[in-house]
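In this note's numbering, the protein residues as written are 1 to 231.
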């Protein structure tokens, strides 16, 4: 089984809180510089830049399409998928659960859509940095139905499942949790293995990251999902 180095929590400039420098090309090139072989683009409540990053990477990186979904309980959950089609289907499910609030770029930042060449092809008008009407159960069940996996994000910080709920409900089928780079795994999650991703919103954070290792049987997003589901 090949061992690959992963960073499964990276934001593009579609997330309004991310730097405009987080373009597909910049993300791919910086990930390669730090030695990552697998990355996931996980913007807030959307996967609409995942295709551009996948195309920008070509065969140089495995790009796992995903989202960081914000539940109605104020929990952030990484949702990762085996291919773009199912990620984009889940994206529609999440998008419909967002409040109809326009993004004020002067307040929140612009929400950039890119092509594979990192050319801006548009903007997302609906504010993505907002809790959805979906519960933690809704998010985890729908992701699983589509063949994806969920990873509770930064469980040791604000919007982490351990902080907001006090524990990780067993029925969610969680196999692994994410702890922040300088954080400590909460006692309530210690029955789960954990990973440390960059949660990069800018290139300097991505540049200072250390990818973690995962054994995969297939060198593809599906192979990553299969490995995570047995982690």
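We put the beta carbon where it would ideally sit given N, CA and C, even for glycine.
(message) Report the CB separation of residue 78 from residue 68 in whole angstroms; it is logged as a contact under 8 Å.
(response) 6 Å
(message) By the three-class DSSP mapping on this structure, what secondary structure does residue 46 have?
(response) DSSP, read as helix, strand or coil, puts residue 46 in strand.
(message) Tell me which residues share the same chain as residue 52 and place their Cβ nearer than 6 Å to its Cβ, disregarding the 5 neighbours each side in the sequence.
(response) 24, 114, 115 and 116
(request) Could you tell me which residues DSSP pairs with residue 104 in its beta bridges? (result) Answer is none; residue 104 lacks a bridge partner.
(message) Tell me the DSSP secondary structure of residue 79 in three-state form.
(response) strand
(request) Only counting runs of 3 or more residues, tell me where the beta strand (DSSP E) segments fall wholly within the region 89-170, in order along the chain. (result) 112-114, 120-123 and 149-152
(message) With H, G and I counted as helix, E and B as strand and the rest as coil, what does DSSP make of residue 225?
(response) helix
(request) Can you grab the Cα-Cα spacing for the pair residue 139 / residue 71, in whole Å? (result) Looking at the two C-alpha atoms, the distance is approximately 8 Å.
(request) Can you tell me which of 157, 167 and 163 puts its alpha carbon nearest to the alpha carbon of residue 183? (result) 157
(request) Might you give, ordered along the chain, the residues of its own chain that have their beta carbon closer than 8 Å to the beta carbon of residue 150, omitting 5 neighbours on each side? (result) So the list reads 77, 78, 79, 80, 139, 140, 143, 144, 172, 173 and 174, once near-sequence residues are dropped.
(message) For the ligand PLP, I want to know if residue 207 counts as a neighbour, meaning its beta carbon is within less than 7 Å of at least one of the ligand's heavy atoms.
(response) In terms of ligand content, the structure shown is empty, and the ligand PLP therefore cannot be addressed.
(request) Following the continuous alpha helix (DSSP H) through residue 24, name the residue where it begins and the one where it ends. (result) 24-33
(request) Count the other CB atoms, across all protein chains shown, that sit within 10 Å of the CB of residue 234; report buried if there are 16 or more and exposed otherwise. (result) Residue 234 cannot be examined here, being either before or after the span of the chain that is shown, 1 to 231.
(request) Answer yes or no: do residue 14 and residue 197 have a C-beta to C-beta separation smaller than 8 Å? (result) no
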